[in-house]
Amino acid sequence: MKKGQGNRKDDLSAPSKRVFPAIEAGGRFAGYLSVALLIVLSVTYLSFFGESIFFLQENNSLFIFSTDYFQKFCSEPGGLLVYAGNFLTQFYFSSFYGSLIVSALIMLAYLVFRRINKQLKAESSLSSFLVLLPSCLLLLLQTRYDFYPYYILGFILTGLWFLITTAPGKGTRRYILTGLFPLFYYLAGSFALIYIILYLVYCLIYGKGRLRYLLPTFLILLSFLTFLLFKDLVFLQPVSHLLFYPLFLYEYSSLTEYLSLFSGVLILYPLLIKSADVATSKIKFQPLFSLSAKLVLFSLTLFLLFRNRDPGAADILRIERSVYNREWDEVIRQYEKSPSSNIIGQYYYNLALSEKGELCSRMFYGRQSFGSLSLALARDDEQTYRAIYFYYAVGLTGEAHHLAYELMVQHGFRPENIKMLIKTELIIGNYRIAERYINVLKKTMHYRKWAVKYEKMLYKPDLVNSDPELGGKIRLLPAKDFFVVTDDSRNVDLLSEENPGNRRAFEYRMARLLLDKDLVEIGKEVRKFKALGYSNFPRHVEEAIVSLVNVTGEFPDLGGLMISKDTDQRFLRYFSDLKSLRGSKAQIENGIKKADKNTFWYYLQFGTMKSAVGKGGQADNSIY
Amino acid sequence: MKKSGISERVLILIAGIFLAAGCRHDMADSVSPAGRLPVIEPDYSGVTIPPNIAPLNFKISEKGMHFRIRATSADGTALIINTSDAIVRFPVKQWKKLLDGSQGDSLRIDITSFEKGYPAIKYDPVCMIVARDPVDPFLCYRLLYPGYRSWVDMKIVQRSLEDFGEYPLFENQLLDDNCVNCHSFNKNNPDRFLLHVRGSKGGTYFFDGKNLTRTRLKTPEMPANAVYPAWHPSGRYVAFSSNKTVQSFHMRPEKNIEVYDLYSSLFVYDVERNEMFACPEKDTVKYMETFPCWSPDGKYLYFCRTAQVKEGFDYMKVKYDLVRKSFDQTEGTFGNDEVVFDALSLNKSVSFPSISPDGRYLVFTLHDYGTFSIWHKEADLYLIDLHSGKTGRMTINSNETESYHSWSSNGRWLVFSSKRGDGLTARPYFAYFVSPDSVGKPFVLPQKDPSLYGRLEKTFNRPEFITGRIKAGPRDFAAASDKEPLKAGWKEKTNNRVK
């Protein structure tokens, strides 16, 4: 018997069939063309439309080049897979790099399945179509925001392990390779479940002789023993974690269904290949059939790629990216260009205006359909990481720090929470703690430069004070202490009381009154503007004063400031323009001039406020 | 043959490199004295250490490409360590020899730094005083993030003080990520302890050396869950306080969190009868009582007490006094309250009373107001001589928070939480105690990697000495949590004031 031929009786590999070289070469060419098309499709689509996905995923993890970080992933099966995935995710700061990485992984998946086809001796034309199926499905899954690279790595690793353990060989070699299952389980975690079933399916379909039953029995026993060993001796993890991590991490996510579907395809792959061989053996024009099938697959993939796109979410994430980069002009430009009906978009718009000091003079240039709810987001699990920026902007640095810390505890370090921790610790003057976080961030690839910039401020209060961003926040701090409450309008009021010079907080208060259409209260507040250093009223406040005068016929105490003539003229123009328009609200909305629409008057007349969406009630703050 | 020849040459080359590196310091032409102590982290200079402590590894924060460390015991045993990364790690066995040879005397560490082109610098020797009294071999503490409300992973670990062995006692991921707190030992005994778990697997878990029993102590008569346990030395009773505790967040940067009680009362659990009973007040004034602590003879229950707060109270005006009441352990009845330390008159507040095993000294934490000293930067440890009543601030305090503390079984060592490192995370510090006037300079729990504290975000909570390793682990807790909890009964005590 030749070396490597194996025992024919016990051989599990599929029988070989002779193929004509010309057909083989043509098939290979078609295969290359298909995969080239797939890669072009992947790179192009992800480069153009994957930006928001890459941005979100990159911001949901922070890969740290340190032993401590590595060790965290060693303590559970599948941890190293997630570690490898996080390593790749750090390059997602660029959608181009991201698209290259994902495309490379999809290519790798294709190669693994191609090799599996070869090992299964798949010869039907349909099998060349089937080999593309997993890659196309992976590309489709990549349109999801929660589909991280470690999933693809897990599937690839499962395929590779299947290839290794089913490679032709003698019984002893097979037992040894199958006996390495504990290693695979440690590396792949719950992907091992897929492998076990895949292996069983394979053995039942392709197995021959005694090994057909002995190897699956051996694997089942070994996996059972491995699980017990891991559970009772090696890893301090609950049973559910040992069984389902990292594949089925989210219990109630629709991703679980998609992952299950893909796992099903993987598990049944040997059966599909076998069935394809049988089913297509009687088809006369196999190349044509194969080509048609591939065309259908590509068309369907293309269709679903665009169907799965969520431009609204992409817009929000694009704005969010600008918020993270503190590109306030860009946030304002993006929002005014494509106003969002989403509260997050409106919140970011108001935040950007506040950071620019233009909240009360520009807020009605953009859509305001959530009323004062869009000034601060609820501090619930979903929105906390976004809600932080309001507290930071207004001068409630303690609360921004508090929330950033809570997020760090819940999710580990993420770029934005550690950056917020560093900034707030520097503002507060806790340099030793800031240094610790800076040292962490310095061990990352993409944020090192950022960390070095702030490292220079350590133990140098003068430098912190003179920094436009941090110094500005120091001046917004309350002079006297108070406890933060769940009602953010109350927090702003308390901050205004404890730091009367905080214009940011005052403008937030005025913005709330404007959005609540509370003309009476606005009338009481306007006298404070001059004392706060304003030489004239912000545009929308003037508009509100004019409205108040128009409604009540009385002038409020303006505290020494005047209403500009321009505002009076604009008011007259607004009403004259409005008179010329007739019909429904929608018709007026379409017909009204932009200059008239971007006013408090328009908001006062036509603006509708949504109810308290997403605002939580009084939290129980009991700790025992 | 040829292959082995190459290997030989490679080995010689490697040996040469090592020798060259090792001899580098000898190439310095001269040695100049620094005239000061070297900066080492953690700062172990002048500390008093037990004769059975793990190696006090440290990091040298001085300039130098290479360092030579010579450790010399009092009996002349010497150990030389060369390092180029400024990290000094003592081999455990040789460290033990150094300690053995220095008992009752001091261990001297000479550090010399070498830099190319400059004369070597020799620093003043770092001396550590080695006491004759050993410390208990294990320390048990909770490891968690020092902040706010959230937690994910939380664990209680037992750490060998004689080496760097660290063994998990409790890991919350095995119990539905429940919160765990207040581990408490009866007289430092690893076979007699309890801890609380809050959440789906909630209850108080008692360990008797063999079995872990999950018990639900909260009865309808109690206002809230039982917390802050204190074992009666007989092992029959455990005193608790039942507190409604809330937290608020400060907006000025000086402080982070304020944790305070809205009400709290003392209760006692009779372990033998599985019954809870109240520790009622006779006074017409309604008080909040917390942090119970038994005297080692079991005749007194010490605790902290303040007047019951009313709605809209000013949290900064809540001041706890140190109070005690007598206890008849055969009857299970209490006597009248007597104030031991009137903190209110000093405009201060007391927390965490802890009495030395000989019953002579009581250490407590004193801070400006309230009950949760770990978030009070001004919190310091104070000592009362229970014989003379003399009270004084301990010399082991720092400018940062000193809070929870406990005694070793021989009463010679005190472990306490201190935030002196960074102002945020608490680390366990050990101080040698002979008398109020003779307390050694404290040292932080030594770590195998001395730079650990610089990057560890977690805090060490409630450090407690134990006289051996606990024979239970996370899986035992997981198994116990699956069983139905034993429910404590309630006993109405009508004669609580007979004494």
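Protein chains in written order, with numbering that gives the first Met the number 0: chain A, 0 to 623; chain B, 0 to 498. Virtual Cβ for every residue (Gly too), placed ideally from N, Cα, C.
Straight-line Cα distance separating residue j from residue i
{"i": "A/T66", "j": "A/A433", "result": "21 Å"}
{"i": "B/L300", "j": "B/P167", "result": "32 Å"}
{"i": "B/C22", "j": "B/S44", "result": "Since pLDDT at B/C22 reaches only 38, below the 50 mark, its modelled position is unreliable, and the value read off the structure follows with that caveat. So the alpha carbons of these two residues sit roughly 28 Å apart."}
{"i": "A/L395", "j": "A/S259", "result": "45 Å"}
{"i": "B/V46", "j": "B/A430", "result": "8 Å"}
{"i": "B/F371", "j": "B/S348", "result": "10 Å"}
{"i": "A/G651", "j": "A/K418", "result": "The question about residue 651 of chain A has no answer here: the residues shown for chain A are numbered 0 through 623."}
{"i": "B/S159", "j": "A/F505", "result": "56 Å"}
{"i": "A/S465", "j": "A/G411", "result": "31 Å"}
{"i": "A/G178", "j": "A/P133", "result": "27 Å"}
{"i": "A/A313", "j": "A/A275", "result": "40 Å"}
{"i": "B/D25", "j": "B/V91", "result": "Any reading at B/D25 must be qualified, since the residue scores a pLDDT of 44, below 50, and its modelled position is unreliable; the value itself is stated next. If you take the alpha carbons of B/D25 and B/V91, they lie about 27 Å apart."}
{"i": "A/F288", "j": "A/L214", "result": "37 Å"}
{"i": "B/N210", "j": "A/N438", "result": "45 Å"}
{"i": "A/V484", "j": "A/Y391", "result": "16 Å"}
{"i": "A/I175", "j": "A/Q285", "result": "40 Å"}
{"i": "A/P76", "j": "B/S31", "result": "55 Å"}
{"i": "A/L358", "j": "A/E588", "result": "23 Å"}
{"i": "B/P352", "j": "B/L451", "result": "30 Å"}
{"i": "B/P462", "j": "B/K490", "result": "33 Å"}
{"i": "B/S325", "j": "B/L485", "result": "30 Å"}
{"i": "B/D162", "j": "B/V438", "result": "24 Å"}
{"i": "A/G168", "j": "A/L119", "result": "14 Å"}
Other residues of its chain near residue i: CB distance less than 7 Å, five sequence neighbours each side excluded
{"i": "B/P222", "result": "S241, K243, Y262, S264"}
{"i": "A/F53", "result": "Y91, S94, G97"}
{"i": "B/L380", "result": "V362, T364, M393, I395, N396, E401, H404, F415"}
{"i": "B/D481", "result": "none"}
{"i": "A/E415", "result": "N58, Y323, Y384"}
{"i": "B/F57", "result": "I39, E40, P41, Y43, V87, P449"}
{"i": "A/F72", "result": "G78, L79, V81, Y82"}
{"i": "A/L87", "result": "I100, P148"}
Residue from the options with nearest C-alpha to residue i
{"i": "A/Y185", "options": "A/V519, A/K230, A/Y144", "result": "A/K230"}
{"i": "B/Y319", "options": "B/S344, B/D475, B/F326, B/F333", "result": "B/S344"}
{"i": "A/F243", "options": "A/L232, A/L199, A/G188, A/L267", "result": "A/G188"}
{"i": "A/S368", "options": "A/N349, A/L224, A/R435, A/L129", "result": "A/N349"}
{"i": "B/V258", "options": "B/D152, B/G369, B/E271, B/F205", "result": "B/G369"}
{"i": "A/R143", "options": "A/I204, A/L197, A/Q409, A/S253", "result": "A/S253"}
{"i": "B/H136", "options": "B/F326, B/G164, B/P118", "result": "For clarity, residue 136 of chain B is Pro in the given sequence; the question names His instead. For B/P136, the nearest C-alpha among the options comes from B/G164."}
{"i": "A/F297", "options": "A/S41, A/L577, A/K592", "result": "A/S41"}
{"i": "A/N429", "options": "A/L199, A/F482, A/M456", "result": "A/M456"}
{"i": "A/N307", "options": "A/S222, A/R361, A/I587, A/F48", "result": "A/F48"}
Anticipated Cβ contact below 8 Å, residue i with residue j, distance rounded
{"i": "B/F442", "j": "B/L55", "result": "7 Å"}
{"i": "B/C292", "j": "B/F302", "result": "7 Å"}
{"i": "B/M287", "j": "B/D260", "result": "6 Å"}
{"i": "B/P295", "j": "B/I354", "result": "6 Å"}
{"i": "B/N273", "j": "B/A487", "result": "5 Å"}
{"i": "B/E399", "j": "B/Y144", "result": "Their Cβ separation, rounded to whole angstroms, is 18 Å, which puts B/E399 and B/Y144 out of contact at 8 Å."}
Close-in-space but distant-in-sequence residues of the same chain around residue i (CB under 8 Å, 5 per side omitted)
{"i": "A/I426", "result": "T396, V463, L469, K472, I473, L476"}
{"i": "A/A108", "result": "P133, S134, L137, I151, F154, I155, G158"}
{"i": "B/A342", "result": "K318, Y319, D320, L321, S348, V349, L365"}
Own chain residues within Cβ distance below 6 Å of residue i, not counting five before or after
{"i": "A/I521", "result": "L512, A543"}
{"i": "B/G512", "result": "Given a span of 0 to 498 for chain B in the structure shown, any question on residue 512 of chain B remains unanswerable."}
Distance cut-off 7 Å: residue i Cβ against heavy atoms of the ligand FMN
{"i": "A/F47", "result": "The ligand FMN is not part of this structure, which contains no ligands at all."}
Quick test of the definition: if touching needs 3 or more C-beta pairs under 8 Å, does the stretch 250-259 of chain B touch the stretch 185-197 of chain B?
Contact between the stretch 250-259 of chain B and the stretch 185-197 of chain B is absent, because fewer than three Cβ pairs lie under 8 Å.
(Q) I want to know whether the stretch 216-233 of chain B touches the stretch 176-185 of chain B - three or more CB-CB distances under 8 Å. (A) Verdict: yes, contact present.
Check your understanding: Is there contact here, the stretch 168-177 of chain B with the stretch 234-243 of chain A, by at least three beta-carbon pairs under 8 Å?
Key -> Taking 8 Å as the limit for Cβ pairs, the verdict is that the stretch 234-243 of chain A does touch the stretch 168-177 of chain B.
Count the CB pairs spanning the stretch 206-224 of chain A and the stretch 109-124 of chain A that are closer than 8 Å, and state whether there are at least three.
The answer is no - the stretch 109-124 of chain A does not touch the stretch 206-224 of chain A, with fewer than three Cβ pairs under 8 Å.
Q.
With three or more C-beta pairs closer than 8 Å as the rule, is the stretch 560-580 of chain A touching the stretch 596-604 of chain A?
A. With three or more CB-CB distances shorter than 8 Å, the stretch 596-604 of chain A counts as touching the stretch 560-580 of chain A.
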